[in-house]
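Scroll down for the structure; my scribbles are underneath it.
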Amino acid sequence: MADEIEDIGRRAGDKVSNALRDYADRRATLARAARPSWAATESATRDRLQREADLRDTDSPRILLPADVASGSPHTRRR
1 MADEIEDIGR RAGDKVSNAL RDYADRRATL ARAARPSWAA TESATRDRLQ
51 READLRDTDS PRILLPADVA SGSPHTRRR
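If you count the sequence shown from 1, position 1 lands on 1 in the UniProt record's numbering, and the numbers rise without skipping.
Okay, here's the thing in structure tokens:
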């Protein structure tokens, strides 16, 4: 009887260990997949904010063509 109880405990422990390992693997995979999209979102947001700041900059006005504003041309950025 004691051997059966020990076997049940060992199998349960193995199942829990496997479930935790699977969870950690899934989480790591999702984190790797999400990282590039976050970087792209941050970059797009940073560019948009910089373009808006450039458009509001009245101390050194620039002539901006709509294509430059829409494309985020480096010529519209502050240096």
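Glycine is no exception: its CB is placed at the ideal position from the N, C-alpha and C atoms. Computed from a predicted model, the values in this text were never measured in an experiment.
Separation of residue 28 and residue 18 (C-alpha to C-alpha, rounded to the nearest whole angstrom) is 15 Å. Residue 51 sits buried, since 16 or more C-beta atoms from the chains shown fall within 10 Å of its C-beta. Under a 10 Å Cβ-count criterion, residue 54 is classified as buried, with 16 or more other Cβ atoms of the shown protein chains found around its own Cβ. In this structure, the alpha-carbon of residue 47 lies about 14 Å from that of residue 38.
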